[in-house]
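Take any residue in the sequence shown, count from 1 to its spot, add 3: that is its number in my numbering. Report on the following structure.
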Amino acid sequence: MRKKVIVVGAGPGGLAIALRLLGQGHQVEIFEAADRAGGRMRGLVQGHYHFDTGPTILQMPQLYDDLFASAGLQRQDYLQFTRLDPYTRLKFWDGTQLDLTTDRKQLKQQLAQFRPDLPQALDRWLTEAERMNQAGYEPYLSQPARSLLGYARLDELAAVLSFRPWETLYQHFWRNFQDDRLVYALSYPAKYLGMHPTRSASVFSLIPYLEMVHGVWHPQGGFRALAQALAQAIQELGGKIHLRCPVQELTIQQGRATGIRLGSGERLCADAVVVNGDFAQAMQSLIPPAHRGKYTRAYFANRQFSCSTFMLYLGLDRCYDLPHHQIYLSEHVRRRHRPYVDDSALDPIDPPFYVCNPTPTDGSNAPPGHSTLYVLVPIPHTGYGVNWPDHQQSYRDFILDRLPELGFLNLADHITTEACHTAQTWQEDYSVYLGAVFNLSHTWLQMGPFRPPIRSRQLDRLYWVGGAVHPGSGLMTILESSKNAAKFVSQDLRGAA
């Protein structure tokens with residue numbers, strides 16, 4: 004008899020595990036409070052303009068091919084990817100810039116302009132990063148977290164220690180390059196984790212390496228199309244997605260998750276329940292207090308959470324012939340004290356920011372001759388008390404005045420529609436705890452065995468997917484967590500057969 008699994012939340016992690024479980028022969032139903040699948044990836048429509056609202060960077064396309072293949076499907080039948088090269092332009096505090104590219108020769112030519120020995124330094128780093136990838140990605144990032152003692156395996160320890168895991172991301176890149184521009188250029192993915200390079204673990208140097216080797220891609224139709232492609236595949240395989248169906252709480256009997264109670268009061272039973280929601284928010288709203296274990300309000304109050312983001316979604320009556328991804332790294336990114344290292348205060352002078360300009364790659368998001376822009380600025384989460392009703396308009400104007408740094412001249416004259424998200428928006432409209440969009444920070448004491456587990460230790464047949472559980476925040480790592488969660492669900496349901 005087929006086992007029934009209920010998935011709470013149709014974010015990327017929930018969609019991914021649903022597809023995998025359907026491929027394993029289970030019966031799957033997803034319950035989503037919003038009117039579209041995708042979670043923060045579901046997108047935003049303003050008239051004739053279509054915006055991605057969450058992820059904009061697609062790494063390691065083979066992960067998506069593997070996801071569809073796990074259900075006997077081909078990703079290309081549902082969605083096309085376009086490779087971006089160069090994939091990111093970085094503009095530095097001193098006016099110089101660097102185009103990150105998978106074209107090794109072109110990249111070295113740029114680095115030689117910075118300093119003659121940097122091309123050779125890049126070769127040395129790539130050799131080290133390849134060894135680190137072989138030793139680290141599969142056993143540490145791709146597999147479920149082990150116990151603390153489980154990481155002390157003698158057959159792995161020598162290789163791991165050779166990569167100096169005690170280094171910060173900044174120390175790792177400084178040891179290799181001794182140029183702050185290149186250090187911060189390669190460290191910028193730390194922001195996917197809501198971390199400053201001087202506080203982020205060096206293991207995350209794998210992210211820029213993987214981008215340099217496998218490239219950065221864009222799903223045609225945007226990431227909202229990726230969400231719809233996954234939803235389509237799920238429904239074609241017999242899975243059900245219930246939209247506008249908020250879950251009120253999980254039902255529990257004798258220490259086991261047995262189903263859900265909807266906002267309407269209806270109760271539904273299942274053999275297993277997977278929660279794809281912001282962990283801190285979902286734990287405190289869906290799980291009765293007696294079954295939360297250590298995950299109390301006090302627990303979350305004593306944890307370090309990532310920054311939030313100030314977002315501008317701009318519809319324009321013109322196009323800019325500029326790169327798909329650009330980042331302005333201001334002088335302030337080099338500061339190593341608060342509030343710059345933890346985004347604990349609003350930066351009203353020289354904040355770093357990111358702009359996605361997707362229309363030259365994908366014209367589906369705007370009418371002909373028009374375009375969209377996605378602007379992201381790291382800001383404090385709601386725990387730091389910024390009064391956004393008082394600051395939103397002035398900060399919007401300030402950021403628009405900064406965009407010429409990346410070549411967007413006279414932009415304000417061409418805005419035909421816009422939307423803005425603040426930390427308050429993420430908290431209230433997307434149910435993100437503290438509006439901390441990158442979830443629990445990835446400090447040493449909040450990684451691996453110290454992160455919430457995929458398989459609940461409080462309740463049998465309850466599983467978590469998303470950025471809070473191992474291996475952490477980011478679309479690539481969330482796909483890994485959903486793969487591991489699917490393994491746990493199938494193991495447990497087989498054992499109960």
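Positions of the beta carbon are idealized from the N, C-alpha and C atoms, including for glycine.
For the pair G42 and V8, the Cα-to-Cα distance works out to about 19 Å. Using a 10 angstroms sphere on the CB of R321, the tally of other CB atoms stays under 16, which defines it as exposed. With a 10 Å radius around the Cβ and a threshold of 16 neighbouring Cβ atoms, L448 comes out exposed. Beyond the five residues adjoining it in sequence on each side, P168 comes within less than 8 Å, by CB distance, of A204, S205, V206 in the same chain, given in chain order. Close CB contacts of V48 within its chain, under the 8 Å cut and outside five residues either way in sequence, are with F54 (chain order).
Contact annotation, R78 with D88: C-beta distance approximately 20 Å; criterion of less than 8 Å not satisfied. Proximity to L379 across S347, T425, G28, M63 peaks at T425, based on C-alpha coordinates.
Rounded to whole angstroms, the separation of the alpha carbons of L164 and R156 is 12 Å. Annotation for G266: no alpha helix (DSSP H) segment contains it, and DSSP assigns it neither H nor E. Residue state for A260 is assigned as strand, using DSSP reduced to three classes.
If you compare the alpha carbons of P361, V250, P342, C359 with that of D353, the shortest gap goes to P342. Here G241 carries a coil assignment [DSSP, helix/strand/coil]. Between M450 and H217 a beta carbon distance of about 23 Å is seen, past the 8 Å cut, so the two are scored as non-contacting.
Looking at P326, Y173, Y187, L265, the one whose alpha-carbon comes closest to that of W220 is P326. Bridge pairing for Q62: V219 [DSSP]. When rounded, the separation of the alpha-carbon atoms in G469 and W128 is 31 Å. In the three-state scheme derived from DSSP, where H, G and I count as helix and E and B as strand, Q49 is classed as strand. Linking F180 to G477 through their CA atoms gives a straight-line distance of about 26 Å. Here P15 is buried, its C-beta having at least 16 other C-beta atoms within 10 Å.
Judged by DSSP secondary structure, Q329 falls within the beta strand (DSSP E) whose first and last residues are 328 to 331. Pairing I330 with T91 gives a Cβ-Cβ distance under 8 Å.
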